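Take 1 as the starting number for the first sequence in the numbering used here and just add one per residue.
Even for Gly, the Cβ is constructed at its ideal location relative to N, Cα and C.
Everything numeric in this text was worked out from a predicted model, so none of it was measured.
Structure record follows, encoded as C-alpha cells.
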Amino acid sequence: MSVRVRFAPSPTGALHIGGIRTALYNYLFARHHGGTFILRIEDTDQTRYVPGAEAYIINALKWVGLLPDEGQEFGGNFGPYRQSDRKALYQQYAHELVQRGHAYYAFDTPEALDARRASEENFTCNFRTRESLDNSLVSGIATAEARIQSGAPFVVRLKVMPGREIIVDDLIRGRVVFQSSELDDKVLLKADGMPTYHLANIVDDHLMEITHVIRGEEWLPSTAHHVLLYEGFGWSDTMPRFSHLPLILKPVGNGKLSKRDGAQFGMPVFPLAWKGETAQDSFDGFDNTGFLPEAVVNFLALLGWHPGGDQEIFNMEELIAAFSLDHISKGGARFDYEKAKWFNQKYIQSADNAHLAELIAPYIAEKGYDVCKEYVEGAVALMKERVTFLPDFVEQGYYLFEGVRQYDDETLQKKWSAQAAENFTALIPVVEAQEPFEAQPLEEAVKAFMQERGIKPGDLLPLLRIALAGTMKGPAVFDMAALLGREEMVQRLRALMQHAG
RNA sequence: GCCCCGUUCGUCUAGGGGUCAGGACGCAUCCCUUUCACGGAUGAAACACGGGUUCGAUUCCCGUACGGGGUACCA
C-alpha cells in the first residue's frame, strides 16, 4: 500500500515556521517512500477564519518548494480538500456514530457547562458526569431526536466508556498508554453544524486513505480519542500510524515558539511576510529578510531531526534520501536564529552568480540603480562571501552601485598626507593608461608604480580602498577597480583627493 | 489539580553497557590576507539528580527535579 500523508493547517493567520517544518517532514516522508503529499485546509472554526490565510499557506509551501501532489488548489480524487466544503459529510458520520452507540446528542449550552466548571473543581463531560447533564443518554434517543426536529441546538459528543486502556503506538515515541476513564466526552459536531477537529480529522484521514499522521506533539493527548473514533466507526484496521513531532521552542525563555516571538526577538518566524489589518498584526518573513528558501528548508529539516553523521548541508534531494521518522528527536528544539543565518550565508556563498543576480534584482530596482545583468553578477561575485542576507548586497556593497556616501575619516586622518596627494596625482595617468583594465594587470601596474617611486603598499593601498569604497571593509581593491571601470575609478580617486585635501 | 511527553556542550545534535562522549552554530586564540570576509588550525564547553540492575552505567529500570504539551461547541 502506498504512503499517503497530509499537511492539514488551519487558516487562522500566517503559518509559522513550526507549521512549515511539519509540512516539510510530511513531504520528505512522502517523497522518500514514493508516496503522496496532500494539503487539506482545516477551516472548521468559523470564528477564527482569517481572509487570505489559505492563500498564504499555499504561497508559503510554494516558496519553500513543498508542492502538494493533491489538495486544495492542487486537485486530486479525494476532494474537496477544504473541510468547510465537506460539512454535510461530517454530519452524516456524526449521526452514524450515535446510531452505532459510540456518541450521543447533548443539549447543554456552553454557558451551562461553564457554570459547572466554575462551581465544580475539575468538572468535565465524561462517564461520571454525563448522567447529570442534558443529553440523549438521559432523555432517550426518541426524545432527543424530537427536540432536534423542532430545531433545538445540539452537539454530538463521543461516548467514552471507562475501564480500558487505549494504546497509541507512536512511530517516534513508542507505546503510549491512556486510561479511558481519564478521557472526556469530546464534542464531535458543534451546534453550528461544523465538526470539531477530532471528527473531521478522522473522517477525512479515513476517506482520503491517509496512511501516516505526522503532526505536532500538541496532538498526542487527543490521539486516544482519535483511536476510539476509528474503533467506533469500525475503521481500526486501516487506522493510520501516528508520529508526534517535538515542538519548536522560543529562542529565549520558556515555552513553544509563538507568532509574537518574531517581533519580540527581532527575527522572522514566518516563511513569508504577512500583512495584517494593523502594523501590530503584520510580520516579517524569511523571504523579505533575505533568506534563500533552500537555506530555510535545510535549517528546519535539522531542527528536530538528524540522519546521523557529520553532514550539515543537505539539498532537498539529499534530505529526501536520508529522511526517516526514527531519527526524529523526542525533545523540543529551540529555534536558533544564529544557525539559520549561518545556513543562509552558506547557501549564498555556493549559489551561482546569475541566480543571485536574479534574486537581488528587486533590491536593485528599489534603489533605482541602472545597471546591466553582467554588472550585477560581477558585484555579486565580489560580495557573496561577505553577506548574510540578500539585501546586504546593496546595503553593505552600495558603493559598487553608486558613489561613496561616507569616508572612513579616522583611517584617512592617519594615512592621508601631502605625499599621499602627490602619489594620487601621479597614479591617475597610470590608471588612465592601463590596458587592459582588468584586476590582475592593473594590480601589476600599480605595484610597479609603487616600486618605481619607493611607495610602501601600506601607504597607498588602504587609501585606494577608501577612495573606491569609503571603508576599510570589502572586496579586494583591484577587483573592485576592475568592476567599477577606468572612468569611475579615476573619478573616485579625484573625489577622495578633494575630500581629504 | 489531573493526564501525556521529554531532559547529551549556551544552542542544534551524533552516539550508545566498557568511547580521549563525535560534529555543527556561536565564542576565544592563531594562520592566510597590508581591508573585511571566506578558508584553515587550535581551544574552552555536555551525558539534570538520587537509587537500583550489572564486573562496569551517559546508555537499561524506578523515583525526584526541571521543562514542555493537553485538559474548549480552537485547531
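task: Go ahead and label residue 207 buried or exposed: buried means 16 or more other beta carbons lie within 10 angstroms of its beta carbon, across all protein chains shown.
output: exposed
- prompt: Are three or more beta carbon pairs between the region 97 to 109 and the region 207 to 226 nearer than 8 Å?
  reply: no
task: Would you check if the region 395 to 409 and the region 448 to 455 touch, i.e. whether three or more CB-CB distances between them fall below 8 Å?
output: no
query: Quick one, are the C-beta atoms of residue 282 and residue 290 less than 7 Å apart?
result: no
field: Residue environment, residue 383, which counts as buried when at least 16 other CB atoms sit within 10 Å
entry: buried
message: I believe residue 160 touches residue 107 by the beta-carbon criterion, under 8 Å. Please report the beta-carbon distance rounded to the nearest angstrom.
response: No, residue 160 and residue 107 are not in contact; Cβ-Cβ is about 19 Å, not under 8 Å.
query: Over what stretch of residues does the alpha helix (DSSP H) that includes residue 165 continue unbroken?
result: Premise fails: residue 165 lies in the beta strand (DSSP E), 165 to 170, not in any alpha helix (DSSP H).
query: Using a Cβ-Cβ cut-off of 6 Å (strictly less than) and excluding sequence neighbours within five positions of residue 81, which residues of its own chain qualify?
result: 40, 71, 72
message: Please identify the residue among 352, 347, 401, 345 whose C-alpha is closest to the C-alpha of residue 365.
response: 401
task: Check whether the Cβ atoms of residue 259 and residue 247 lie closer than 7 Å to each other.
output: no
query: Is it true that the CB of residue 388 sits closer than 7 Å to the CB of residue 341?
result: yes
- prompt: Straight-line CA distance for residue 347 to residue 360?
  reply: 14 Å
query: Can you list, in chain order, the residues of its chain whose CB lies under 7 Å from that of residue 377, leaving out five sequence neighbours each side?
result: 353, 354, 357
task: Give the single residue among 427, 394, 494, 165 whose Cα lies nearest to the Cα of residue 445.
output: 427
- prompt: What residues match up with residue 105 in a beta bridge as DSSP calls it?
  reply: 156
- prompt: Does the beta-carbon distance from residue 507 to residue 320 come in below 7 Å?
  reply: This structure gives no information on residue 507, because the portion of the chain shown stretches from 1 to 501.
- prompt: Is it buried or exposed for residue 164, if we count other Cβ within 10 angstroms and need 16 for buried?
  reply: exposed
message: Less than 7 Å between the beta carbons of residue 112 and residue 189, yes or no?
response: no
task: Below 8 Å on the Cβ atoms is my guess for residue 500 versus residue 412; work out the distance and round it to an integer in Å.
output: 5 Å
Buried/exposed call for residue 196, threshold 16 Cβ in 10 Å: buried
- request: Go through the region 422 to 448 residue by residue and report every complete run of the alpha helix (DSSP H) that reaches 4 residues or more, in order.
  value: none
- prompt: Out of 58, 219, 4, which has the shortest C-alpha to C-alpha gap to residue 38?
  reply: 4
message: Measuring straight from C-alpha to C-alpha, what distance separates residue 269 and residue 236?
response: 38 Å
- request: Assign residue 47 to one of two classes, buried (16 or more other C-beta atoms within 10 Å of its C-beta) or exposed (fewer than that).
  value: exposed
query: Counting along the chain, where does the alpha helix (DSSP H) carrying residue 393 start and finish?
result: 392 to 395
- prompt: Taking C-beta to C-beta, are residue 322 and residue 307 nearer than 7 Å?
  reply: yes
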